[in-house]
Structure formats: structure tokens, C-alpha cells
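Each residue of the sequence shown is one higher than the last, beginning at 1 in our numbering. Note that beta-carbon positions come from the ideal geometry of N, C-alpha and C, so glycine has one too. Owing to the predicted nature of the structure, the values given are computational and were not obtained by experimental measurement.
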Amino acid sequence: MKIKTYILVIVALLAASCQKVVEFDVDQIPSQMVLNSLPSDGNRMFVNFSYSRFFLDTNSGAGISKANMRLTVMNGLGTAVYTPDSLSRNNYFFPYTPAGGDSLQMEITVGESVVKAGTKVPKALQTANFQTMNTWEMGLSAGSDTVLNLCIISLDLSDYADEENYYYIHLTEKDSGSRFSQLRQEFDTIDTVYNNIMFMCMDQNLTGSGTLISAPMVQLPQGYSVYDRIICNDRNLNGATKRISIVLPVLVDTNEVRDFKHEYVFHIESVRPERVKYLMDVATATSLTQMFAEPAGIYSNVLIDGKQGLGLFSGVSHQKFEFKIEPWPYPENLNSGAKNQSFPQIYEAAREMYRINRQRGRR
């Protein structure tokens with residue numbers, strides 16, 4: 001992480017010392033058709049279809065007129081063909097709700113071009129007994145204005161024996177309330193959603209050898225590595241029901257005004273191989289080291305006139321579990337009865353994770 005910090009400093013210095021206006025002739029940049037859809041078990045089917053946009057443009061891509069769409073669905077009941085029945089912005093909705101096991105083929109004709117993509121909807125996730133457990137420690141401090149605590153998140157996951165399954169696990173957090181800024185000596189109003197917040201995982205069912213597909217953000221000793229997502233296969237589950245868990249360090253900022261809200265969501269998805277490839281390419285393309293490497297293309301299973309196009313058409317089964325940590329572990333809420341010494345090794349790893357989080361500038 002020191003290397004990343006130094007790189008950021010160098011980039012900032014270069015930007016400050018040399019300014020040059022770069023003009024782009026947007027009209028000369030060719031637009032391409034983009035198809036995106038994650039057909040989800042139990043949710044109405046829709047696809048987003050538009051032209052690509054310039055990467056500095058904050059508007060959505062331009063709509064495509066006269067697009068003829070056909071969705072073919074194959075399952076145990078036979079074959080059915082659907083066409084869109086409504087359009088909202090660039091989202092085309094179909095009178096069909098995907099179900100686990102359905103095979104889908106999308107074909108779109110625009111003028112003389114033909115856009116094609118296919119996928120299968122994974123079976124519905126089998127989960128039970130979602131739980132969170134708080135483990136508070138008063139003896140360790142991660143910073144002058146922070147105390148460090150842990151929330152252990154777990155559930156039972158039943159793997160399908162007749163399928164090779166891939167799982168995608170991540171956390172989101174919504175913060176809202178007021179916080180005192182020591183730098184500006186004034187209060188800030190916070191209302192922000194953080195995607196892919198950091199956590200730790202020592203669960204070999206998710207991170208064991210030959211199982212973990214994504215890489216940790218930081219590799220720490222004794223398995224206490226830091227992740228912002230876990231993408232894994234079912235090699236260690238292998239058709240069984242097992243309890244899986246991750247550990248969320250709770251970074252308590254004492255500058256927050258009381259009643260500040262922290263709302264978390266635990267996401268678990270069953271994803272297709274094409275989505276795994278896409279997520280891995282996106283993670284590589286958005287990493288800091290990619291700034292200094294040759295650009296690599298993002299995987300797409302969309303074909304335009306038989307050649308790889310842009311976007312992703314991939315089935316998913318998604319479950320999310322909302323939870324809050326109550327009472328929030330401000331120092332005054334922690335008493336001797338709340339202390340727990342069951343996880344002494346994890347705190348140095350969590351302290352390192354806190355340092356990384358501060359460098360990312362989340363707060």
C-alpha cells in the first residue's frame with residue numbers, strides 16, 4: 001500500500017506542476033451499440049440497449065430507434081418468444097419473469113446489424129439463518145478519534161450438487177447524518193452509499209486454495225486478508241450445506257453526531273462464468289496499477305455481426321440481507337460485559353485494514 005500512496009503523490013505533483021488543455025472532438029468519436037442485462041431469478045426481465053457515450057459524458061448513452069428485439073426462453077415447459085411491452089429511457093421491459101434454470105437467447109436487429117447474446121439463469125440461492133454477531137474490544141485503538149470493533153456476518157449456504165456454481169459476495173454501506181470535520185472545524189452533512197466496502201475473510205469455503213477466483217486487496221499473514229469482494233467457485237462446498245462467514249471491522253468515528261445512521265447490506269449472488277470474466281476484467285481495469293500498464297479490453301459475451309461487442313448479458317440469482325449494528329459501539333456504549341477476547345489475532349489485521357481505509361479517503 002505504500003507503493004500506491006507514493007504513486008498517488010507523484011500523480012498529484014505532476015498534475016499540479018503541468019497543466020495542458022486537451023480538446024476532444026466528440027462528434028468524431030464513433031458510437032457503438034451496448035447491450036446490458038442481468039436477468040434475475042424472480043424479477044421482471046429488462047435489458048438496457050443504447051449507443052456508447054464519451055467517457056467524460058455524465059449523461060446516459062443515446063437511445064437506439066427502430067430496434068427489433070426478440071427474447072427466446074427455453075425451459076422445461078418448452079420454448080417461448082417475447083418482445084418488449086414497454087420502454088423507459090433505454091430500458092426495454094418484457095412480459096416475462098426469469099426463473100432458475102431458464103436458458104435465454106436475445107436477438108436484436110438494428111438496420112443491417114444483428115446483436116446476439118445468450119445466458120442461463122442460475123437456480124435460486126438456497127440460504128438460511130443469516131446472523132450478525134458483534135465482538136467489541138476496548139483495549140485497542142485504531143486512531144485518535146476512532147475505536148475499532150468487529151461484526152461477524154454468517155449464513156448457511158446450500159450448494160447445488162448437479163451444477164458448477166460461482167458465488168459473488170460483497171457489502172454496501174449507507175451513511176447518513178452529521179459529522180464534525182476537524183480540518184474545517186465545521187459540521188458536514190453525510191448521505192452517501194459506499195459500494196464494495198472492505199472486510200476480512202478466513203473462511204476456507206470461500207477463500208481456500210483452488211476456490212478463490214478474485215484476489216484480496218491486501219494479503220495479510222495467517223489468512224487475515226482484506227477484500228472488497230469475493231468471487232469464488234463451489235469447490236469446497238461441493239453440493240453440501242455449510243456455514244460461511246466474513247468479518248466486518250466497524251470503524252467508529254467519534255466525530256459523528258449521535259443518531260448518525262450506518263445501514264449495511266450483505267449481498268450474495270450466484271453468477272455465471274461470463275459474469276465472472278467480466279467482473280475480473282473490470283477489477284483489473286480499475287486498479288491503480290492499470291494506469292501504468294497497457295490498456296486491456298473488458299470481456300463481453302455480446303456479439304455484433306458475429307464479432308465481440310460491448311456489454312454483458314448474464315443470468316444471476318441475487319439475495320441481499322439488510323442489517324444494522326445496534327447499539328453503535330461509541331465508547332460510552334461499551335461496558336465490561338461487552339468486551340470479548342475470543343479473536344485476539346484478528347485485531348492487528350483489522351488495524352492494518354483501518355490504515356488502508358484511511359488512505360482510500362472514504363471518510
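**Asked** Thinking just about the alpha-carbon of each residue, which of VAL115, ASN238, THR207 is nearest to the one in TYR160?
**Response** ASN238
**Message:** Suppose the cutoff is 6 Å on Cβ atoms and the five residues either side in sequence are ignored; what does the same chain contact list for PHE321 look like?
**Reply:** Hits under 6 Å: PHE130, PHE266.
**Residue interval of the alpha helix (DSSP H) (run including LYS123)** = No alpha helix (DSSP H) contains LYS123, which DSSP labels as neither H nor E.
**Message:** Judging by CA-CA distance, which residue of TYR167, GLY111, GLY177 is the nearest neighbour of GLU256?
**Reply:** GLY177
**Prompt:** To the nearest angstrom, how far is it from the Cα of GLU186 to the Cα of LEU125?
**Reply:** Cα to Cα, GLU186 sits roughly 46 Å from LEU125.
**Prompt:** Where do the ends of the alpha helix (DSSP H) carrying ARG275 lie?
**Reply:** Following the DSSP letters along the chain, one finds ARG275 inside the alpha helix (DSSP H) bounded by residues 273-285.
**Message:** I'd like to confirm the pairing. Which residues does DSSP put opposite SER181 in its beta bridges?
**Reply:** GLU186
**Enclosing beta strand (DSSP E) for ASN196 [first to last residue]** = Counting along the chain, ASN196 falls outside any beta strand (DSSP E), and DSSP gives it neither H nor E.
**Request:** Identify every residue that forms a DSSP beta bridge with PRO249.
**Result:** LEU150
**Prompt:** So, is ALA67 buried or exposed, given that buried needs 16 or more other C-beta atoms within 10 angstroms?
**Reply:** buried
**Message:** Whether or not the segment 266-281 and the segment 158-174 are in contact is what I'm after, with contact meaning three or more pairs of Cβ atoms, one per stretch, closer than 8 Å; do they touch?
**Reply:** yes
**Message:** Using 8 Å as the cut-off, can you tell me whether the segment 67-80 makes contact with the segment 88-106, which would need three or more C-beta pairs spanning the two stretches below that distance?
**Reply:** Taking a contact to require three or more Cβ pairs closer than 8 Å, the segment 67-80 and the segment 88-106 qualify as touching.
**Asked** Mapping DSSP to helix, strand and coil, what is GLN204?
**Response** helix
**Message:** Between which residues of its own chain and GLU112 is the CB-CB distance below 6 Å, once the five residues before and five after are set aside?
**Reply:** none
**Item:** Delimiting residues of the beta strand (DSSP E) encompassing SER50
**Value:** 46-51
**Message:** Taking a contact to mean a Cβ-Cβ separation below 8 Å, would you say MET33 touches VAL115 in this structure?
**Reply:** yes
**Message:** Buried or exposed, going by whether 16 or more other CB atoms sit within 10 Å of the CB of ILE195?
**Reply:** In the sequence as presented, Ile is not what sits at residue 195; that position holds Asn. That one is exposed.
**Message:** I'd like to confirm the pairing. Which residues does DSSP put opposite ARG89 in its beta bridges?
**Reply:** ARG89 pairs with nothing; no bridge assigned.
**Item:** Best match in LEU303, ASN75, ASN233, SER317 for proximity to SER209 [C-alpha to C-alpha]
**Value:** ASN233
**Message:** In whole angstroms, give me the CA-to-CA distance for VAL282 and ILE213.
**Reply:** Annotation: VAL282 to ILE213 spans about 14 Å, alpha carbon to alpha carbon.
**Prompt:** What is the rounded straight-line gap between the Cα of ASP259 and the Cα of ILE298?
**Reply:** Going from the Cα of ASP259 to the Cα of ILE298 covers about 42 Å.
**Prompt:** What are the partner residues of ASN68, as DSSP defines its beta bridges?
**Reply:** THR109
**Request:** Within the same chain, show all residues whose beta-carbon is closer than 6 Å to that of LYS242, passing over the 5 residues directly before and after it, in chain order.
**Result:** ASN205
**Prompt:** What residues are listed by DSSP as bridge partners for VAL316?
**Reply:** SER40, VAL271
**Exposure label - VAL368; buried when at least 16 CB within 10 Å** = No answer is possible for residue 368: it lies beyond the span of the chain, which begins at 1 and ends at 363.
**Touching by the beta-carbon criterion (3+ pairs, under 8 Å), the segment 271-281 and the segment 43-54** = no
**Message:** Is the beta carbon of SER317 closer than 8 Å to that of GLY100?
**Reply:** yes
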